[in-house]
Amino acid sequence: MEDWAMVDMWLQVEAHQHHPAAAAIARECIAAPTLLGRVPNQTVIDENIKKLKKVLEVYETWLSKCRYLAGDFLSLADLSHFTVMHYFMGTEYAALVEACPHVKAWWEELAARPAAKKVAGFLTTGSGVALVSPLKFSPSMRDVVSDLEHALNKLQPCRRVQMQAKEM
565 MEDWAMVDMW
575 LQVEAHQHHP
585 AAAAIARECI
595 AAPTLLGRVP
605 NQTVIDENIK
615 KLKKVLEVYE
625 TWLSKCRYLA
635 GDFLSLADLS
645 HFTVMHYFMG
655 TEYAALVEAC
665 PHVKAWWEEL
675 AARPAAKKVA
685 GFLTTGSGVA
695 LVSPLKFSPS
705 MRDVVSDLEH
715 ALNKLQPCRR
725 VQMQAKEM
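Counting from 565, one number per residue, gives the positions in the sequence shown under this note's numbering.
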């Protein structure tokens with residue numbers, strides 16, 4: 565049950581702390597000039613850099629003790645970070661991650677996964693274009709689903725215990 569709780573906790577941290585800050589920075593740096601046709605809002609960037617630094621400090625402390633967010637196994641908690649992190653790492657503010665050695669190592673390991681590389685091929689940032697083609701995305705989904713299934717299978721014993729506890 566502890567593994568499931570850790571995955572859930574980190575999914576909440578990602579959804580409410582990491583994602584909003586990292587996505588806002590990526591949106592202003594990548595989408596604003598290319599898709600929205602406007603100058604990036606530096607105030608939004610600066611506010612979210614402060615937030616993201618605090619979040620990354622927590623990640624750095626945790627990842628100095630564990631290989632992955634939920635422990636020593638890859639989980640949905642890690643995989644859920646990929647898309648936003650990919651875009652964020654394409655900005656000039658990627659140095660925030662690079663300044664945290666354990667976060668950097670975690671990110672590099674995650675980004676090096678074969679499924680992540682396939683997905684990254686469809687999430688371009690270098691040209692400034694941040695579009696995902698659903699048709700192109702589909703073939704690599706098998707690998708992503710495989711990674712997710714593997715992560716979820718690690719949690720199945722925890723879920724069975726949790727379900728049995730609820731039935732009691």
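Beta carbons: idealized from backbone N, C-alpha and C, even for Gly.
Notebook entry, point to check: Is Y537 helix, strand or coil when you go by DSSP?
Noted result: Lying outside 565 to 732, the shown extent of the chain, residue 537 is not represented and no answer is given.
Note to self: Distance check for F637 and A587, CA to CA, integer angstroms please.
What the structure shows: 25 Å
Margin query: Within the continuous alpha helix (DSSP H) that includes V577, where are the two ends?
Written below: 566-577
Check: For R602, does the count of other Cβ atoms within 10 angstroms reach 16, so buried, or fall short, so exposed?
Finding: exposed
Check: What does a CB cutoff of less than 7 Å around S702 pick up in its chain, not counting 5 residues either side in sequence?
Finding: Residue confidence for S702 is low, a pLDDT of 40 falling below 50, so the modelled location carries little weight; the figure read from the coordinates is stated next. The answer is none, since no qualifying residue turns up.
Notebook entry, point to check: Which same chain residues, not among the five before or five after W574, have their C-beta less than 7 Å away from its C-beta?
Noted result: L633, A634, A641
Margin query: Using 9 Å as the threshold, is the C-beta distance between T655 and L687 below it?
Written below: no
Check: From K615 to Q581, what does the alpha carbon distance come to, in whole angstroms?
Finding: 8 Å
Item checked: For T598 and E621, the rounded distance between their alpha carbons -> 31 Å
Margin query: Between which residues of its own chain and V571 is the CB-CB distance below 7 Å, once the five residues before and five after are set aside?
Written below: A634, S639, L640, A641, L719
Note to self: Give me, in chain order, the residues of the same chain whose beta-carbon lies closer than 6 Å to that of S704; leave out the 5 immediate sequence neighbours on both sides.
What the structure shows: Summary for S704: the model assigns pLDDT 48, below 50, so the residue's position carries little reliability; its value from the coordinates is reported in the next sentence. Only K682, V683 meet the Cβ criterion.
Note to self: Given a cut-off of 9 Å on the beta-carbon distance, is the pair I594 and Y657 in contact?
What the structure shows: no
Next item on the list: For A680, collect the residues of the same chain with a Cβ closer than 7 Å to its Cβ; drop the 5 residues on either side in sequence, then sort them by chain order.
Entry: F646, L674
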